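Input: a single structure, listed below in structure tokens.
Protein chains: 2
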Amino acid sequence: MLRVSKLTDYGTLVLTHMAGFPERLFSVADLAQVLHLNAPTISKVLKALGRHELVTSVRGARGGYALARPAAQISVAQIIDALEDQPFGLTECSATAGTCDIEGDCRIRANWQRINTVVRRVLDDVSLADMVQPMPLASEATMVRRALPNRKCSPQ
Amino acid sequence: MLRVSKLTDYGTLVLTHMAGFPERLFSVADLAQVLHLNAPTISKVLKALGRHELVTSVRGARGGYALARPAAQISVAQIIDALEDQPFGLTECSATAGTCDIEGDCRIRANWQRINTVVRRVLDDVSLADMVQPMPLASEATMVRRALPNRKCSPQ
DNA sequence: TTTAAATAGGACCAATATAGTTCTGTTTAA
DNA sequence: TTAAACAGAACTATATTGGTCCTATTTAAA
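Same order as they appear, the protein sequences are chains A and B.
The numbering used here puts the first sequence at residues 1 to 156.
The numbering used here puts the second sequence at residues 1001 to 1156.
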């Protein structure tokens, strides 16, 4: 359905909130209360983000989670990688090899892979810092300019 | 999981095959045999494509399907629109309004919508004609150039 | 006129994937 | 020593999707 999973959605929500207070350590209970989500779900998300080193954790009483690095260095693509369990790709065959018997002479597979690359690149270009505040129009314009060439832009 | 549904995948397969013989009328049975897919599934796909006017159909004996317009005028985004039943969007809240109670003061929703716009634009830019043959490197380069600015490209 | 080939639409079932929960274990501050 | 907190893994329920089937309609050909 061309959707990111709900866990990924929650992940961006949690991380953008944490990005607002980079120093603080957040417990699962804290975040659950503030974000109106169930603690077990948030816990699941943070564990996965921890495994992918997007957050650091402190165990034991008074423990919690914090961003592993500045928000500008965490991309939406990385969040997706951490929270989606299947590898990135718009079609199964373009994400993983050997899933289709006609793969040998399939001409569209390579094209899906190229589409993947471009979409991926878009997602790589959006950082958590971009997600925190309303994206300034300038940066949106940049994204659009990146995706759609301005005709005035020299073809080279 | 950020995947297009299998029906969409089949749809691109079917349409790219049909694009190779723009004049011919294809029956479901024909396509099923050539593409090694089950007829009922192909039928389902073609019916949906017909409803969205990507293919035309001729009923009755000797009937079948044909592309409704040249392959260059059919985009991957249109195929997705025809075959995915949920509206386009990477998150539920960014595709449809009113699905989340904190929508009012949610700051990331608007950003997801902007991401949607860019991804959508990428998919709009790929036509069935592009999918038919191996995308020439030139056009791939264009896609990448569109998504990622060449630094030599004047910022204006 | 009849028959068979073909699409149209919709309902239905089965399989899969996801969301969410729960349990057990480990760590650590108080 | 206790309680707060994370780690990991298993489990269940639900939702979505994939796939099939049935009935109706259309039309060429016999």
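Ideal placement from N, C-alpha and C gives every residue a C-beta, glycine not left out.
Quick caveat: nothing in here was measured; it's all calculated off a predicted structure.
{"Check": "Counting along the chain, where does the beta strand (DSSP E) carrying residue 67 (chain A) start and finish?", "Outcome": "64 to 67"}
{"Check": "Of all the residues that make up the region 1070 to 1088 of chain B, which are near chain A by a beta-carbon distance shorter than 9 Å?", "Outcome": "1076, 1080, 1084, 1085, 1086, 1088"}
{"Check": "Check for me: the beta strand (DSSP E) holding residue 1034 (chain B) runs from which residue to which?", "Outcome": "No beta strand (DSSP E) contains residue 1034 (chain B), which is instead part of the alpha helix (DSSP H) from 1028 to 1035."}
{"Check": "Kindly indicate which three-state DSSP category residue 91 (chain A) falls into: helix, strand or coil?", "Outcome": "coil"}
{"Check": "What does the alpha-carbon distance come out to for the pair residue 1085 (chain B) and residue 1027 (chain B)?", "Outcome": "24 Å"}
{"Check": "Does any residue of chain A bring its CB to less than 8 Å from the CB of residue 1018 (chain B)?", "Outcome": "no"}
{"Check": "Quick check on the DSSP output: the alpha helix (DSSP H) that includes residue 4 (chain A) runs from which residue to which?", "Outcome": "Careful: residue 4 (chain A) lies outside any alpha helix (DSSP H) and carries neither H nor E."}
{"Check": "Helix or strand or just coil, what does DSSP make of residue 58 (chain A)?", "Outcome": "strand"}
{"Check": "Less than 8 Å between the CB atoms is what I'm expecting for residue 1083 (chain B) and residue 1011 (chain B), so what's the real figure, rounded?", "Outcome": "5 Å"}
{"Check": "Spatial neighbours of residue 42 (chain A) within its chain, please: C-beta separation below 8 Å, excluding the five flanking residues on both sides.", "Outcome": "10, 14, 28, 31, 32, 35"}
{"Check": "Looking at the C-beta of residue 165 (chain A), does it have a partner C-beta in chain B at a distance below 8 Å?", "Outcome": "The shown model of chain A, from 1 to 156, leaves out residue 165 (chain A), and the question about it has no answer."}
{"Check": "So, using beta-carbon positions, are residue 25 (chain A) and residue 65 (chain A) closer together than 8 Å?", "Outcome": "yes"}
{"Check": "Since I believe residue 1111 (chain B) is in contact with residue 81 (chain A) (beta carbons under 8 Å), could you give me their beta-carbon distance rounded to a whole number of angstroms?", "Outcome": "Not really, about 19 Å apart at Cβ, beyond 8 Å."}
{"Check": "Can you give me the C-alpha to C-alpha distance between residue 134 (chain A) and residue 61 (chain A), rounded to a whole angstrom?", "Outcome": "35 Å"}
{"Check": "Is there a C-beta anywhere in chain A that falls below 8 Å from the one on residue 1036 (chain B)?", "Outcome": "yes"}
{"Check": "Please tell me whether residue 1004 (chain B) and residue 90 (chain A) are closer than 8 Å, where the distance is taken between their beta carbons.", "Outcome": "yes"}
{"Check": "Is it the case that the Cβ atoms of residue 1075 (chain B) and residue 1119 (chain B) are separated by a distance below 8 Å?", "Outcome": "no"}
{"Check": "Cβ of residue 148 (chain A) less than 8 Å from any chain B Cβ?", "Outcome": "Only weak support exists for where residue 148 (chain A) lies, its pLDDT of 42 falling under 50; the value from the coordinates is given anyway. Yes, residue 148 (chain A) lies at the interface with chain B (some Cβ there is under 8 Å from its Cβ)."}
{"Check": "What's the gap between the Cα of residue 1103 (chain B) and the Cα of residue 1109 (chain B)?", "Outcome": "8 Å"}
{"Check": "Rounded to whole angstroms, how far is the Cβ of residue 58 (chain A) from the Cβ of residue 67 (chain A), which I believe are closer than 8 Å?", "Outcome": "Between residue 67 (chain A) and residue 58 (chain A) the Cβ distance is about 13 Å, and since that is not below 8 Å, they are no contact."}
{"Check": "Check each residue of the region 1119 to 1134 of chain B: if its Cβ is closer than 8 Å to any Cβ of chain A, include it; give the result in chain order.", "Outcome": "1119, 1121, 1122, 1123, 1125, 1126, 1130, 1131, 1132, 1133, 1134"}
{"Check": "Is the Cβ of residue 1091 (chain B) closer than 8 Å to any Cβ of chain A?", "Outcome": "yes"}
{"Check": "With the cut-off set at 8 Å, would you say residue 79 (chain A) and residue 8 (chain A) are in Cβ contact?", "Outcome": "yes"}
{"Check": "Just to make sure I have the definition right: I need the residues of chain B whose C-beta is within less than 7 Å of the C-beta of residue 102 (chain A). Which are they?", "Outcome": "1036"}
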